[in-house]
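Protein chains in written order, with the working numbering: chain G, 1 to 346; chain Y, 1001 to 1351.
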């Protein structure tokens, strides 16, 4: 079976039948694809003045998600594919998956400004280990701030749908009353489920008040997601209480601050090797000096033989002066110099 | 042979290069939806033309549908090879990050492998353009197209061998990567030759199977008609691409370089060599598309990794910069350039 499958796919590929099939499927219906998950945005819901939920109808390639997981959303902005991770805010049992997006950063702002029902997006498979254990622990604490509520909302909806809310305290932080995402849904759930205690706080998270709000916080399996400041203070509080093992966290891409070029580290993802960058020479030259043998051709930026996936970090294109700092961008090694710690897909 | 271009001092060459760099930056800053829309339109046109051509050949009857089928399939192949494949393989659409437009994974519908092409064409030909002994695309290493190349008795039959190359051009460029000449002179070991030949033979086998076994078999009783139609469509693509590509570097007025001249070449001088080593073909928009925008060979050689559909709008500025710096900008009609290439192939067959 496996061999037959492999033969068939080689046959299709060598006769270019695979890409023809992909093209004609897409011509028949834009969401049809054998290779990728495409989803149609079917509804856009305003949650707060700067947060919107996008309800998606994916094609058959979507394999569902576990509550708390995220997915890669890919859109095309002015002809360029751009992707970002978003937590799913819907429960796994819901008819359609949804993401909830705060207007911040390039891609999220673009989603707000440009995406209306009918828009097509691409999704990666659901991923992430920020999920509830199975069966769900009896005593739970959800601690969130701002748009960090999205993955824990998915968990809450999942527990509610399965009628599995035992003893759950949900502490959410928002800037103001109007900034509470899902406020109506939360209130409705709190009214229906006696085991759910909902605490909404305005302003900064204050770890000194935690003991008063949730005296047994250290004994609860806790799920934490929020802005970096909140996360850091909460992690410190749990560490002091000796309860770090019960704290589960989900971080949104808080990239490392760019370091100075010299002294920055170049890390190679495949071999795990790293070496310090120097102030002179392209990344290609630096790799070669470090004993690596990456593919290259012209060494002047025209042939693209040395193109390589940059997983993380900032590099500068010496021809254009353009900075590349997004994760997972392709760069040309022969005309790039590192500006921070860089991880390459080599 | 005299060349119309002025010789520039290093400073003048740098200034020339800076102006072209600035033009390049302007276009890079403007890349976006328009470019992606264009290439997707081309892919769509090629797919529809191919499907139409194959259906007409497979299920049509009579000579009219046969001729139409061959033209549609041949046009689809020309679009796929020249406007889509060649340009995608140059990395012109890598900025889109669309896996279907990715230069490193794209495979085109021609016997020459994408990998072989990326090396011999993108790297060697585009880096060492028109340097004798380094650019193996000069006369494809067996034709003498200029007095700078040393004469050899085998050149006597080159009018015939050039005509044969035109008919089977895809096989010519596929075999070009094998460096058979170097294997004959002992510069390449058998193991190296085999390493180059294996992927080529593998791809060529599948290509033959596709056009001469698989599609004819699908048409059942119409198989001979499909086979003949596919063969003619391939020949149509071969003749067209041969004509366009030979007009790019071999007409009168195109310069060749000796290796010594290009040692420690600055970026400005590299640009100068690209301008003086290439020639354009005049034509309208449809013609430009069918040549894969190699009608703008000069712009292509200056900016091989910018989307080719941008060349026509860049051309007036390139021409203006060249004129101001005293550089000849070689452009002529298809018939003039082709006639010039044909005359040279005949003329330089003799010592």
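Beta carbons are placed, not taken as given, at the ideal position from N, Cα and C, and that holds for glycine.
The structure displayed is predicted, hence computed values, not measured ones.
The bridge partners DSSP lists for residue 332 (chain G) are G:307. By a beta-carbon distance limit of 8 Å, residue 339 (chain G) contacts residue 316 (chain G). Their separation comes to about 5 Å.
Residue contact check for residue 109 (chain G) against chain Y: no CB pair falls below 8 Å. Residues of the stretch 1283 to 1313 of chain Y with a C-beta atom less than 7 Å from some C-beta of chain G are 1304, 1305, listed in chain order. Its Cα nearest to that of residue 1005 (chain Y), the residue Y:1254 stands out among Y:1254, Y:1094, Y:1091, Y:1105. Residue pairing by DSSP places residue 145 (chain G) opposite G:173 in a beta bridge. Look at residue 310 (chain G): its C-beta is not under 8 Å from any C-beta on chain Y. With the criterion set as a beta carbon lying under 8 Å from some beta carbon of chain G, the members of the stretch 1118 to 1129 of chain Y are 1118, 1119, 1122, 1123, 1126, 1127, in sequence order. For residue 330 (chain G), the chain Y residues whose Cβ falls inside 8 Å of its Cβ are 1094, 1097, in order along the chain.
Scanning chain G for C-beta atoms nearer than 7 Å to the C-beta of residue 1035 (chain Y) yields 79, reported in chain order. For residue 1055 (chain Y), the closest of Y:1225, Y:1346, Y:1205 by C-alpha to C-alpha distance is Y:1225. Counted as a single uninterrupted DSSP element, the beta strand (DSSP E) harbouring residue 248 (chain G) occupies residues 247 to 249. Checking the DSSP bridge columns, you'll see residue 1006 (chain Y) has no partner listed. Exclusion of the five residues before and after residue 234 (chain G) leaves 143, 205, 207, 224 as the residues of its chain whose Cβ lies within less than 7 Å of its Cβ.
For residue 1038 (chain Y), the enclosing alpha helix (DSSP H) covers residues 1033 to 1059. Taking C-alpha positions only, residue 15 (chain G) is separated from residue 1206 (chain Y) by approximately 7 Å. The DSSP-derived three-state label of residue 265 (chain G) is strand. Taking 8 Å as the cut-off, the Cβ atoms of residue 1201 (chain Y) and residue 1212 (chain Y) do not count as close. With a threshold of 8 Å between beta carbons, residue 1041 (chain Y) makes no contact with chain G. The beta-carbon of residue 1016 (chain Y) is placed no less than 8 Å from the nearest beta-carbon of chain G. Within a 10 Å sphere around the beta-carbon of residue 199 (chain G) sit fewer than 16 other beta-carbons, which makes this residue exposed.
Partner residues in the beta bridge of residue 122 (chain G), as assigned by DSSP, are G:38, G:74.
Between the alpha carbons of residue 239 (chain G) and residue 171 (chain G) lies a gap of roughly 19 Å. For residue 1196 (chain Y), no chain G residue has a Cβ inside 9 Å of its Cβ, as the nearest lies near 16 Å away. Taking a Cβ-Cβ threshold of 8 Å, the residues of chain G close to residue 1210 (chain Y) are 14, 15, 16, in chain order.
Between the C-alpha atoms of residue 1283 (chain Y) and residue 1070 (chain Y) there is a straight-line separation of about 24 Å. Within the same chain, Cβ atoms closer than 8 Å to the Cβ of residue 311 (chain G) are found at 269, 327, 328, 343, 344, 345, the five residues on either side in sequence being excluded. For the set G:180, G:95, G:138, G:175, the Cα lying nearest the Cα of residue 168 (chain G) is the one of G:138.
Taking a beta-carbon distance threshold of 8 Å, residue 1109 (chain Y) counts as an interface residue toward chain G. Taking 8 Å as the threshold, the shortest C-beta distance from residue 1188 (chain Y) to chain G does not fall below it. The residue from Y:1078, Y:1090, Y:1095 with its alpha-carbon nearest to that of residue 79 (chain G) is Y:1095. Close partners of residue 48 (chain G) in chain Y (Cβ separation under 8 Å) are lacking, with about 31 Å as the shortest Cβ gap. As the crow flies, the alpha-carbon of residue 1296 (chain Y) is around 19 Å from that of residue 1256 (chain Y). When C-beta distances to chain Y are compared with 9 Å, every residue of the stretch 150 to 178 of chain G stays at or above that value. Contact between residue 121 (chain G) and residue 73 (chain G) holds, with the beta-carbon distance rounding to 6 Å and staying under 8 Å.
Nearest in C-alpha terms to residue 1074 (chain Y), of all of Y:1046, Y:1108, Y:1166, Y:1327, is Y:1046.
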